[in-house]
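A.B. asks: Counting from 144, one number per residue, gives the positions in the sequence shown under my numbering.
Virtual Cβ for every residue (Gly too), placed ideally from N, Cα, C.
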Amino acid sequence: MQLPPSLLLLATGLATLASAQNDTRVTGKLGDARQVRNNPVIGEVWQAKFNGPVVFGTVTAVANTVGVNYTIDVTGLDAARGPYKYHVHARPVPESGNCTETGGHLDSYLRGDTPPCDSTAPQTCEIGDLSGKFGLEKGPVINKFFNDPYSALNIINLGYIGDRGIVFHEGSSARIACATLKKVA
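#1: Per the contact definition of three or more C-beta pairs closer than 8 Å, is the segment 249–258 in contact with the segment 193–201?
#2: Using a Cβ distance threshold of 8 Å, determine whether the segment 222–239 contacts the segment 310–321, with at least three qualifying pairs required.
#3: Helix, strand or coil, according to DSSP, for Arg-254 in the structure here?
#4: Got a sec? Which residues, its chain only, sit under 7 Å from Cys-321 by beta carbon, not counting five neighbours each side?
#5: Ignoring anything shorter than 3 residues, give me the beta strand (DSSP E) runs that lie fully in the segment 248–324, in order along the chain.
#6: Thr-203 by DSSP, collapsed to three states: which one?
#7: Note the first and the last residue of the continuous beta strand (DSSP E) segment covering Lys-228.
#8: Leaving out five residues before and five after Ile-215 in sequence, what residues of the same chain have Cβ atoms less than 6 Å from its Cβ?
#9: Buried or exposed, going by whether 16 or more other CB atoms sit within 10 Å of the CB of Thr-263?
#10: State the DSSP-derived secondary structure class of Thr-170, mapped to helix, strand or coil.
#11: Relative to the alpha-carbon of Thr-208, which residue among Gln-178, Leu-220, Gly-282 has its alpha-carbon at the smallest distance?
#12: DSSP on Thr-245, reduced to helix/strand/coil?
#13: Assign Lys-276 to one of two classes, buried (16 or more other C-beta atoms within 10 Å of its C-beta) or exposed (fewer than that).
#14: Residues in its own chain within less than 6 Å of Val-205 by CB, not counting five upstream and five downstream?
#15: Check Ala-222 in the structure and name its three-state DSSP category.
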């Protein structure tokens with residue numbers, strides 16, 4: 144027996160509605176993040192330099208054909224105070240070096256940080272929640288490479304990360320180190 148087109152359409156609509164109601168993931172008020180495919184200069188390099196007193200090293204961001212390639216190469220993290228979170232924050236680090244003045248995480252799609260990011264659905268996470276998408280780190284050293292398809296180095300994108308603070312948080316969520324991501328090449 145073949146269903147009439149109107150019943151088939153109704154059945155499809157009901158199945159879609161039921162599926163959507165069972166989806167418990169949290170997304171932003173502006174929807175899910177979109178992959179970035181229009182970075183203006185592929186290979187453009189931005190870097191945040193950490194010069195102590197706690198964390199030493201760099202976070203490097205390189206424009207890719209899809210999103211941004213990150214390399215985190217830092218030392219000085221006390222393993223007893225981890226696991227460590229790392230984020231792109233909304234504002235640059237001020238001259239005073241006060242990490243709290245970098246604001247909250249870069250959250251272009253207005254998701255918020257509660258509940259925590261689901262790494263199996265990174266498009267639903269805050270753009271700046273890198274550790275939520277790519278994992279916490281124990282310390283004392285982080286040497287990690289990953290591609291975030293939702294970060295951008297094109298200023299017109301919602302996921303633009305240039306001239307923003309990169310912040311490391313210890314296990315208690317205290318901000319222990321921050322540096323501004325600046326263009327180097």
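C.D. replies: According to the structure shown:
#1: Segments in contact, no.
#2: The segment 222–239, when compared against the segment 310–321, does touch it at the 8 Å Cβ threshold.
#3: The sequence position of residue 254 within the sequence shown is 111, counting from 1. Residue state, collapsed to three classes: coil.
#4: On the sequence shown, position 178 is the one that residue 321 refers to. By the criterion of a C-beta distance shorter than 7 Å, Cys-321 is surrounded in its chain by Val-236, Cys-242, Thr-245, Gly-308, Ile-309, Val-310, once the five residues flanking it on both sides are discounted.
#5: Here the runs fully enclosed are 284–291, 308–312, 318–323.
#6: Sequence index remark: in the sequence shown, residue 203 carries index 60 (1-based). Of the three classes helix, strand and coil, the one that applies to Thr-203 here is strand, per DSSP.
#7: Taking the first residue of the sequence shown as 1, we reach residue 228 at position 85. For Lys-228, the enclosing beta strand (DSSP E) starts and ends at 228–231.
#8: As a position in the sequence shown, residue 215 is number 72, starting the count at 1. Sequence-distant Cβ neighbours of Ile-215 in its own chain, meaning closer than 6 Å and more than five residues away, are Val-202, Ile-285, Lys-287.
#9: Here residue 263 refers to the residue found at position 120 when the sequence shown is read from its first residue. Classification for Thr-263: exposed.
#10: In the sequence shown, the residue the question calls residue 170 occupies position 27. Three-state result, Thr-170: coil.
#11: Residue numbering aside, residue 208 sits at position 65 when the sequence shown is read from its first letter. For Thr-208, the nearest C-alpha among the options comes from Gln-178.
#12: The residue you call residue 245 lines up with position 102 of the sequence shown. Looking at Thr-245 - three-state DSSP - the assignment turns out to be helix.
#13: Taking the first residue of the sequence shown as 1, we reach residue 276 at position 133. If you draw a 10 Å sphere on the C-beta of Lys-276, you find 16 or more other C-beta atoms in it, and that means buried.
#14: Looking up residue 205 in the sequence shown gives position 62. Around Val-205: Val-188, Asn-212.
#15: Taking the first residue of the sequence shown as position 1, residue 222 is located at position 79. In this structure, DSSP gives Ala-222 a helical state, which the three-state scheme calls helix.
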